[in-house]
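Chemist: Just dropping this structure here.
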Amino acid sequence: MTQERYTDMFEIQPVTPEDIPEITELVAECWKDYFADTSDSLLKAACGMIVRNNYIEPEFSFKIAEGGKIIAVVFAGTADSMSHPEDFYEYQLSVLNDKEREWLMTQRAYHIKADEECRKLLDCKTFKLALFMSTANGCGKLLLNHVTEILRKRGYNRMALWTDTTCSFEYYPAHGFIEQSSLLIPEYSSEQEEYRLFTFTKEI
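And the structure:
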């Protein structure tokens with residue numbers, strides 16, 4: 004079966020707030036190796052923050068499900084889009100232990116810094132690709148094409164995103180993205196390895 008016929012089998016649907024816990028589980032499954040040395044509670048808190056921090060515009064957030072299970076998501080937003088993870092963040096601080104709480108506070112500060120760096124690139128022609136994840140071949144591309152076409156019709160001709168050295172950041176230059184910044188993040192770096200935050204843009 005070709006990839007085109009395979010993706011034709013799936014229906015693209017809007018993400019709703021009720022989907023957030025399941026999307027958090029999807030992110031946790033994809034990131035579990037990175038958080039291998041942390042507790043289950045911190046894994047859920049960290050991935051919950053990732054999802055809520057990037058759920059910035061429901062109108063531009065979509066999913067694909069198979070057998071009732073979400074297998075791919077894309078979140079996008081514009082310069083005016085904002086996330087509101089404050090209640091979730093404060094709750095997690097109240098239930099985690101001291102070490103986990105310190106880690107989450109550092110992670111929250113990092114996300115804010117990264118978002119601010121990406122926001123510098125946003126304007127009336129540039130939107131933000133905030134979260135893009137798939138566990139099924141072809142579905143991620145299907146969702147990205149879908150949200151890109153919607154925003155193109157709204158007058159946008161460029162996308163921007165941020166990523167870092169925990170992800171496959173080499174993917175982006177190989178797929179037409181242009182690196183706009185590369186920042187050293189001291190709090191996550193070591194003598195053996197630099198941790199860097201990257202921003203990229205791509206014409207659509």
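Residue numbers (the working numbering): 4 to 207. Glycine residues also receive a C-beta, built at the ideal position from the N, C-alpha and C atoms.
Is Ala-133 near Ala-79, with beta carbons less than 8 Å apart?
Modeler: Yes; because the gap between Cβ atoms is below 8 Å, this pair is in contact.
Chemist: Looking at the structure shown, is Lys-116 part of a helix, part of a strand, or coil, going by DSSP?
Modeler: Of the three classes helix, strand and coil, the one that applies to Lys-116 here is helix, per DSSP.
Chemist: Buried or exposed for Arg-55, please, with buried defined as at least 16 other CB atoms from any protein chain shown within 10 angstroms of its CB.
Modeler: With 16 or more other Cβ atoms within 10 Å, it is buried.
Chemist: State the DSSP-derived secondary structure class of Leu-96, mapped to helix, strand or coil.
Modeler: Three-state DSSP puts Leu-96 in a helix.
Chemist: For the region 80-99 against the region 171-182, are there 3 or more C-beta pairs whose distance is under 8 Å?
Modeler: Not touching, per the Cβ criterion.
Chemist: Please state the DSSP three-state secondary structure of Val-3.
Modeler: Look at the range of the chain in this structure, 4 to 207, and you will see that residue 3 is not part of it.
Chemist: My understanding is that Ile-67 touches Ile-15, with C-beta atoms under 8 Å, so please give their C-beta distance in whole angstroms.
Modeler: With a Cβ gap of about 6 Å, Ile-67 and Ile-15 count as contacting.
Chemist: For Tyr-37, I'd like the list of residues in its chain whose CB is within less than 7 Å of its CB, leaving aside the five on either flank, ordered along the chain.
Modeler: Result list for Tyr-37: Thr-169, in chain order.
Chemist: Whose CA, out of Glu-206, Glu-32, Ile-23, Phe-201, lies closest to the CA of His-114?
Modeler: Comparing Cα positions, the closest option is Phe-201.
Chemist: Under 8 Å, do Met-12 and Val-76 count as touching if we go by C-beta distance?
Modeler: For Met-12 and Val-76, no; Cβs fall outside 8 Å.
Chemist: Locate the beta strand (DSSP E) running through Gly-80, then write down its first and last residues.
Modeler: Its beta strand (DSSP E) spans residues 72-80.
Chemist: Among the candidates Lys-47, Lys-128, Leu-107, Gln-195, whose CA atom is the shortest distance from the CA of Ile-153?
Modeler: When each option's Cα is compared against that of Ile-153, the closest is Lys-128.
Chemist: In whole angstroms, what is the alpha-carbon distance linking Ser-42 and Ile-73?
Modeler: Each residue's Cα considered, the two are about 24 Å apart.
Chemist: Along the beta strand (DSSP E) that carries Thr-166, what are the first and last residues, could you check?
Modeler: That run of the beta strand (DSSP E) goes 161-167.
Chemist: The beta strand (DSSP E) with Pro-17 in it runs from where to where?
Modeler: Run containing Pro-17: 15-17, per the beta strand (DSSP E) assignment.
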